[in-house]
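Engineer: Numbering (the working numbering), first residue to last: 1015 to 1193.
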(Lines of atoms letter the chains of each structure in order from A and count residues from 1; the text may use other names and numbers.)
(Lines give C-alpha, C1' and ligand atoms only; values in the text may rest on other atoms or scores of the structure.)
Protein backbone atom coordinates (compact mmCIF):
# COMPACT_ATOMS: atom_id res chain seq x y z
CA UNK A 1 0.00 0.00 0.00
CA UNK A 2 1.14 3.57 -0.55
CA UNK A 3 0.72 6.75 1.47
CA UNK A 4 -3.01 6.59 2.26
CA UNK A 5 -2.72 8.53 5.53
CA UNK A 6 -1.21 11.52 3.66
CA UNK A 7 -4.07 12.04 1.20
CA UNK A 8 -5.99 15.14 2.28
CA UNK A 9 -8.44 15.69 -0.54
CA UNK A 10 -10.14 13.83 -3.33
CA UNK A 11 -12.30 15.38 -6.01
CA UNK A 12 -15.01 14.38 -8.41
CA UNK A 13 -16.94 16.22 -11.07
CA UNK A 14 -19.27 17.99 -8.63
CA UNK A 15 -17.78 17.36 -5.19
CA UNK A 16 -14.73 18.03 -3.09
CA UNK A 17 -13.93 15.26 -0.61
CA UNK A 18 -11.68 16.45 2.20
CA UNK A 19 -10.72 14.99 5.54
CA UNK A 20 -13.30 15.73 8.22
CA UNK A 21 -12.23 18.34 10.76
CA UNK A 22 -13.26 19.27 14.27
CA UNK A 23 -14.96 22.42 12.98
CA UNK A 24 -17.32 20.17 10.97
CA UNK A 25 -18.95 18.96 14.20
CA UNK A 26 -21.89 21.40 14.22
CA UNK A 27 -22.87 20.71 10.60
CA UNK A 28 -22.39 16.94 10.91
CA UNK A 29 -24.51 16.93 14.08
CA UNK A 30 -27.30 18.86 12.36
CA UNK A 31 -27.31 16.49 9.38
CA UNK A 32 -27.20 13.20 11.30
CA UNK A 33 -29.98 14.32 13.61
CA UNK A 34 -32.45 14.04 10.73
CA UNK A 35 -34.30 10.73 11.29
CA UNK A 36 -34.06 10.00 7.56
CA UNK A 37 -30.29 9.82 8.11
CA UNK A 38 -29.76 8.29 11.56
CA UNK A 39 -32.31 5.52 11.02
CA UNK A 40 -30.16 4.17 8.19
CA UNK A 41 -26.92 4.12 10.20
CA UNK A 42 -25.61 1.66 12.76
CA UNK A 43 -23.71 3.93 15.12
CA UNK A 44 -25.60 7.22 15.23
CA UNK A 45 -28.17 7.66 17.96
CA UNK A 46 -31.21 9.94 17.74
CA UNK A 47 -30.51 13.49 18.87
CA UNK A 48 -26.75 12.99 18.87
CA UNK A 49 -25.03 15.82 20.71
CA UNK A 50 -22.31 17.94 19.20
CA UNK A 51 -20.05 16.63 22.00
CA UNK A 52 -20.67 13.07 20.77
CA UNK A 53 -19.82 14.14 17.23
CA UNK A 54 -16.58 15.71 18.48
CA UNK A 55 -15.70 12.53 20.37
CA UNK A 56 -16.22 10.53 17.16
CA UNK A 57 -14.05 12.98 15.19
CA UNK A 58 -11.28 12.59 17.79
CA UNK A 59 -11.30 8.80 17.34
CA UNK A 60 -10.47 9.23 13.66
CA UNK A 61 -7.05 10.80 14.29
CA UNK A 62 -5.23 7.64 15.46
CA UNK A 63 -7.16 5.56 12.92
CA UNK A 64 -5.93 7.72 10.10
CA UNK A 65 -2.33 7.40 11.27
CA UNK A 66 -2.76 3.62 11.58
CA UNK A 67 -4.37 3.39 8.11
CA UNK A 68 -7.61 2.03 9.58
CA UNK A 69 -9.90 5.09 9.23
CA UNK A 70 -10.19 7.47 6.27
CA UNK A 71 -13.22 9.74 6.56
CA UNK A 72 -14.04 12.55 4.16
CA UNK A 73 -16.52 15.41 4.27
CA UNK A 74 -18.43 15.87 1.02
CA UNK A 75 -18.58 19.49 -0.03
CA UNK A 76 -20.74 21.00 -2.73
CA UNK A 77 -20.34 24.71 -3.38
CA UNK A 78 -18.45 25.04 -0.08
CA UNK A 79 -21.17 23.38 2.03
CA UNK A 80 -20.71 20.09 3.90
CA UNK A 81 -23.52 17.89 2.56
CA UNK A 82 -22.44 14.44 3.71
CA UNK A 83 -19.67 12.13 4.81
CA UNK A 84 -18.10 9.04 3.30
CA UNK A 85 -15.36 6.93 4.75
CA UNK A 86 -13.56 3.65 5.01
CA UNK A 87 -12.87 1.77 8.24
CA UNK A 88 -11.18 -1.51 9.10
CA UNK A 89 -10.24 -3.23 12.35
CA UNK A 90 -6.60 -3.64 11.41
CA UNK A 91 -4.37 -3.39 8.35
CA UNK A 92 -4.87 -7.08 7.52
CA UNK A 93 -8.64 -6.58 7.08
CA UNK A 94 -10.46 -5.11 4.08
CA UNK A 95 -11.95 -1.65 4.42
CA UNK A 96 -15.69 -1.29 4.92
CA UNK A 97 -17.06 1.83 3.29
CA UNK A 98 -19.96 3.81 4.63
CA UNK A 99 -21.68 7.08 3.88
CA UNK A 100 -24.58 9.40 4.47
CA UNK A 101 -25.92 12.40 2.60
CA UNK A 102 -28.10 15.28 3.78
CA UNK A 103 -31.64 14.59 2.48
CA UNK A 104 -31.73 17.98 0.74
CA UNK A 105 -29.17 16.55 -1.70
CA UNK A 106 -30.75 13.14 -2.36
CA UNK A 107 -31.72 12.04 -5.84
CA UNK A 108 -28.93 13.77 -7.75
CA UNK A 109 -26.37 10.95 -7.94
CA UNK A 110 -24.03 12.73 -5.54
CA UNK A 111 -23.51 9.77 -3.23
CA UNK A 112 -22.78 7.46 -6.15
CA UNK A 113 -20.20 10.01 -7.29
CA UNK A 114 -18.66 10.34 -3.81
CA UNK A 115 -18.62 6.62 -2.98
CA UNK A 116 -17.18 5.86 -6.41
CA UNK A 117 -14.43 8.42 -5.83
CA UNK A 118 -13.59 6.85 -2.46
CA UNK A 119 -13.58 3.35 -3.96
CA UNK A 120 -11.27 4.38 -6.82
CA UNK A 121 -8.89 6.04 -4.34
CA UNK A 122 -8.77 2.91 -2.18
CA UNK A 123 -8.16 0.80 -5.29
CA UNK A 124 -5.34 3.15 -6.34
CA UNK A 125 -3.83 2.57 -2.89
CA UNK A 126 -3.66 -1.15 -3.63
CA UNK A 127 -6.85 -2.39 -1.99
CA UNK A 128 -8.42 -5.22 -3.99
CA UNK A 129 -11.44 -6.03 -1.81
CA UNK A 130 -13.92 -3.80 0.03
CA UNK A 131 -17.09 -4.44 1.98
CA UNK A 132 -20.18 -2.41 2.76
CA UNK A 133 -23.82 -2.92 3.54
CA UNK A 134 -27.14 -1.23 3.94
CA UNK A 135 -30.29 -1.51 6.01
CA UNK A 136 -32.88 -3.64 4.21
CA UNK A 137 -35.37 -0.78 3.87
CA UNK A 138 -32.86 1.59 2.27
CA UNK A 139 -32.77 0.35 -1.34
CA UNK A 140 -31.27 3.65 -2.55
CA UNK A 141 -28.07 2.80 -0.69
CA UNK A 142 -28.03 -0.60 -2.36
CA UNK A 143 -28.30 1.09 -5.76
CA UNK A 144 -25.33 3.32 -4.91
CA UNK A 145 -23.20 0.28 -4.08
CA UNK A 146 -24.26 -1.66 -7.18
CA UNK A 147 -23.52 1.31 -9.43
CA UNK A 148 -19.93 1.41 -8.15
CA UNK A 149 -19.38 -2.32 -8.65
CA UNK A 150 -20.40 -3.97 -5.36
CA UNK A 151 -22.25 -7.29 -5.36
CA UNK A 152 -24.59 -8.77 -2.79
CA UNK A 153 -22.64 -11.05 -0.46
CA UNK A 154 -25.35 -12.07 1.99
CA UNK A 155 -27.59 -10.88 4.78
CA UNK A 156 -26.89 -10.30 8.43
CA UNK A 157 -28.39 -8.62 11.47
CA UNK A 158 -27.01 -5.46 13.06
CA UNK A 159 -28.05 -3.23 15.90
CA UNK A 160 -29.04 0.29 14.83
CA UNK A 161 -28.61 2.92 17.54
CA UNK A 162 -30.86 5.21 15.51
CA UNK A 163 -33.70 2.73 15.58
CA UNK A 164 -32.92 1.21 18.94
CA UNK A 165 -33.34 -2.28 17.53
CA UNK A 166 -31.70 -5.02 15.51
CA UNK A 167 -32.35 -4.73 11.78
CA UNK A 168 -31.66 -6.77 8.67
CA UNK A 169 -28.60 -5.68 6.73
CA UNK A 170 -27.75 -6.51 3.13
CA UNK A 171 -24.01 -7.24 3.01
CA UNK A 172 -22.12 -6.14 -0.10
CA UNK A 173 -18.59 -6.74 -1.39
CA UNK A 174 -16.36 -5.47 -4.14
CA UNK A 175 -13.44 -7.52 -5.43
CA UNK A 176 -11.11 -6.08 -8.07
CA UNK A 177 -11.65 -7.69 -11.45
CA UNK A 178 -15.09 -9.10 -10.62
CA UNK A 179 -18.14 -7.73 -12.42
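The beta-carbon is built from N, C-alpha and C at its ideal position, and this holds for glycine as well.
Which one or two residues does DSSP pair with residue 1123 in a beta bridge?
Structural biologist: Beta-bridge pairing links residue 1123 to no other residue.
Engineer: Return yes when the C-beta of residue 1188 is under 8 Å from any heavy atom of the ligand SAM, and no when it is not.
Structural biologist: Judged by which ligands are present, the structure shown has none, so any question about the ligand SAM falls away.
Engineer: Look at the Cβ atom of residue 1175, then the Cβ atom of residue 1090, and state whether they are nearer than 9 Å.
Structural biologist: Taking 9 Å as the Cβ cut-off, residue 1175 and residue 1090 do not qualify as a contacting pair.
Engineer: Please report how far the alpha carbon of residue 1094 lies from the alpha carbon of residue 1148, in whole angstroms.
Structural biologist: Residue 1094 and residue 1148: Cα-Cα distance of roughly 22 Å.
Engineer: Starting from the N-terminal side, write out each stretch of the beta strand (DSSP E) that is 3 residues or longer and does not extend beyond the region 1104-1178.
Structural biologist: As far as the region 1104-1178 is concerned, its whole beta strand (DSSP E) runs of at least 3 residues are 1109-1115, 1143-1149 and 1165-1174.
Engineer: Less than 9 Å between the beta carbons of residue 1164 and residue 1128, yes or no?
Structural biologist: Contact flag unset, no.
Engineer: Buried or exposed for residue 1150, please, with buried defined as at least 16 other CB atoms from any protein chain shown within 10 angstroms of its CB.
Structural biologist: Its Cβ having fewer than 16 others within 10 Å, residue 1150 is exposed.
Engineer: Let me make sure I understand the geometry here. Which of 1120, 1137, 1179 and 1153 has the alpha-carbon closest to that of residue 1189?
Structural biologist: Of 1120, 1137, 1179 and 1153, the residue nearest in Cα terms is 1137.
Engineer: Could you tell me which residues DSSP puts in a beta bridge with residue 1025?
Structural biologist: Looking at the DSSP assignment, residue 1025 forms a beta bridge with 1030.
Engineer: How about the region 1072-1085 and the region 1043-1056: do they share at least three Cβ pairs that are nearer than 8 Å?
Structural biologist: They do not touch, by the three-pair rule.
Engineer: Whose C-beta lies closer than 7 Å to the C-beta of residue 1036 among residues of the same chain, with five residues either side of it excluded?
Structural biologist: Hits under 7 Å: 1068 and 1071.
Engineer: Going by beta carbon distance, what residues of the same chain come within less than 6 Å of residue 1142, once the five residues before and after it are set aside?
Structural biologist: Counting only Cβ-Cβ distances below 6 Å, and skipping sequence neighbours, we find 1190.
Engineer: Does the beta-carbon of residue 1125 have 16 or more other beta-carbons within 10 angstroms, so that it is buried, or is it exposed?
Structural biologist: With 16 or more other Cβ atoms within 10 Å, it is buried.
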